[in-house]
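Novice:
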Amino acid sequence: MRSFEELVLEAEQADVDGWGFGFLEGRATEERPSWRYVRLLAEQLGAANCALDLDTGGGEVLAEALGMAASSPPRMVVTEAWPPNAAQAQRRLAPWGVDVVRTALGSSALPLPDASFDLVTARHPVAPDFAEIHRVVAPGGTYLAQHVGAASAFELIEAILGPLSPEHYLGRDAQREAQAAREAGLEVMDLRTARLRMEFFDIGAVVWILRKCVWWVPDFSVPAYEPQLRALDAQMRAGEPFLAHSTRHLLEARRPL
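Everything in the sequence shown is counted per my numbering, starting at 8 for the first residue and increasing by one.
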């Protein structure tokens, strides 16, 4: 295995824009939920007339689903707040005539008309605002999403930051989000949860994922957390991958007629 310094430098220089995870190929693994979100998304897109994908990143997931769908919606819109991701989405989704709408960083407001989409989707939205989702989905329309669940990757986060407070474990809870959807006026049709094994095999993979998922350790830098990173590096060099667990939930809801 290359030195700590070589692996870290490579990870610090690697691109983290968009939602591609090619850098982790052969360096980390993560189980996938049994429901196969992209397949479900492709099925829904094939039957939609006007669809909206929230927080699309670089459009990677939506492009895969559109490529699988029997047909694409006559009108397709995506939102994205991070400028480099929005630029990637514009290029990647151009073959399907998708409109990319820039949203304000830190705001959940959607600059879109009321009741204008029969399908609203999201894969790992930043912070789903169910009141806004209810507003833009048409009566009888569907919200289909895969959300990040509670305490996702907390083993890694706590290896860097130390133990988190109990309040952190309450965020992104599937039942709480389902109840928030109901309170916004949506009818929850399906809710499924999964806890999925993650393994990291070298310190470069850890540094890269912490750079990409900036909300995990908001002030992350290698110098600030070098002792923790070196401890993880020593564990992996000894042949013991670092084990964590991601959590996900599938939420399908509809706006009543």
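By construction, the Cβ of each residue, glycine as well, lies at the ideal position given by its N, Cα and C atoms.
(1) Whose C-beta lies closer than 8 Å to the C-beta of L171 among residues of the same chain, with five residues either side of it excluded?
(2) Taking Cβ to Cβ, would you say R189 is nearer than 9 Å to H154?
(3) Following the continuous beta strand (DSSP E) through M205, name the residue where it begins and the one where it ends.
(4) Going by alpha carbons, who is nearest to P80 out of A191, N56, L236, E13?
(5) Suppose the cutoff is 6 Å on Cβ atoms and the five residues either side in sequence are ignored; what does the same chain contact list for E184 look like?
(6) Considering Cα atoms alone, identify which of V84, A77, D62, G29 is closest to P90.
(7) Count the other C-beta atoms from every protein chain shown that fall within 10 angstroms of the C-beta of L250, then say buried if there are 16 or more, exposed otherwise.
(8) Select from L264, V214, P173, V68 the residue whose C-alpha is nearest the C-alpha of L48.
(9) Measuring CA to CA, which of D60, F28, V229, S41 is closest to V144?
(10) Give the single residue among E194, V133, V214 whose Cα lies nearest to the Cα of G113.
(11) For M83, count neighbouring C-beta atoms within 10 Å of its own C-beta (all shown protein chains included) and say buried if the count is 16 or more, exposed if not.
(12) Report the start-end ranges of each alpha helix (DSSP H) in the region 41-73 that is 4 residues or longer and not cut off at the edges.
(13) CA-CA distance, A270 and V85?
(14) Leaving out the 5 sequence neighbours to the left and right, which residues in its chain are closer than 7 Å to A76 when beta-carbon positions are compared?
(15) Sort G33, A58, A187 by Cα distance to V105 and report the nearest one.
(16) Where D240 and P146 are concerned, what is the direct C-alpha to C-alpha distance, given to the nearest angstrom?
(17) Could you tell me the distance, in whole angstroms, from the CA atom of A96 to the CA atom of E87?
(18) The beta strand (DSSP E) that contains P263, what's its start and end?
(19) By a C-beta neighbour count over all protein chains shown, 10 Å radius and 16 as the cutoff for buried, is V257 buried or exposed?
Specialist: Straight from the coordinates:
(1) F161, I164, E165
(2) no
(3) 194-207
(4) N56
(5) none
(6) D62
(7) exposed
(8) V68
(9) D60
(10) V133
(11) buried
(12) 44-54
(13) What is shown of the chain runs 8 to 264, which leaves residue 270 out entirely.
(14) A49, L52, G53
(15) A58
(16) 52 Å
(17) 8 Å
(18) Run containing P263: none; DSSP gives neither H nor E here.
(19) Val is not the amino acid found at residue 257; the sequence shown has Leu there. The residue in question, L257, is buried, as its Cβ has 16 or more Cβ neighbours within 10 Å.
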